[in-house]
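First comes the structure, then the notes that go with it.
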Amino acid sequence: QAPAHCLATTPLWCMQQTPAPVEKKKRRKRRGMFGLPAGVPALIVLVGAVALGRMAADDYAEGPIQRVSVVAMVVSVPFCVWGLFNTMFYHLDLGMVSYALAGAAGAYGFGLLSV
-18 QAPAHCLATT PLWCMQQTPA PVEKKKRRKR RGMFGLPAGV PALIVLVGAV ALGRMAADDY
42 AEGPIQRVSV VAMVVSVPFC VWGLFNTMFY HLDLGMVSYA LAGAAGAYGF GLLSV
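With the first letter of the sequence shown counted as 1, position 52 gets the number 33 in the working numbering; the numbers rise by one all the way through.
As structure tokens, then:
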């Protein structure tokens, strides 16, 4: 505290005490499914879905556009279901909508849907 005779001449901002430094909380690493780091389960599902989609494309596709369409449809299914699960039990996941649209685009490219 400053003496009384200094209060008249000392600017107010000089007398204010600086706040104590705030300690930062340590952030925990986010964990995804099965205790893996966030994003790793999605990569595992993606690799599996692409492999399955390529195998399905070998059996059903007749040209390059149909091959890409089959892979898009197969990859979109697990991620659309995953997004639906997240929306039902946790929070709104718009990935559900985007993967449904990607699956619809694959169906259109394959010739299953017409406009």
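C-beta: ideal position from N, C-alpha, C; glycine also.
Every value quoted in this text rests on a predicted model; they were computed, and no experiment measured them.
> In three-state terms, what does DSSP make of residue 18?
Replying inline: Residue numbering aside, residue 18 sits at position 37 when the sequence shown is read from its first letter. Residue state, collapsed to three classes: strand.
> Should residue 22 and residue 13 be called a contact, given that it needs their Cβ atoms to be closer than 8 Å?
Replying inline: Indexing the sequence shown from 1 puts residue 22 at position 41. Indexing the sequence shown from 1 puts residue 13 at position 32. Contact: yes.
>> Given this structure, state the Cα-to-Cα distance separating residue 41 from residue 81, to the nearest angstrom.
In response: Residue mapping note: residue 41 aligns to position 60 of the sequence shown, counting from 1. Residue mapping note: residue 81 aligns to position 100 of the sequence shown, counting from 1. Looking at the two C-alpha atoms, the distance is approximately 21 Å.
> Considering residue 45, what are the terminal residues of the alpha helix (DSSP H) in which it resides?
Replying inline: Sequence index remark: in the sequence shown, residue 45 carries index 64 (1-based). Counted as a single uninterrupted DSSP element, the alpha helix (DSSP H) harbouring residue 45 occupies residues 45 to 70.
> Looking only at its own chain, which residues have a Cβ that is under 7 Å from the Cβ of residue 3, when we skip the five neighbours before and after it?
Replying inline: Residue numbering aside, residue 3 sits at position 22 when the sequence shown is read from its first letter. Within the same chain, no residue comes within 7 Å of residue 3 by CB-CB distance, once the 5 residues on both sides are set aside.
>> So, for residue 55: in the same chain, excluding its five sequence neighbours on each side, which residues have a beta-carbon less than 7 Å away from its beta-carbon?
In response: One-based indexing of the sequence shown puts residue 55 at position 74. The beta carbon of residue 55 lies closer than 7 Å to those of 30, 33, 34 and 37 in the same chain, with the five residues before and after it left out.
> Rounded C-beta distance between residue 50 and residue 91? I'm assuming under 8 Å.
Replying inline: Within the sequence shown, residue 50 is the residue found at index 69, counting from 1. Within the sequence shown, residue 91 is the residue found at index 110, counting from 1. Correct: roughly 4 Å between the Cβ atoms.
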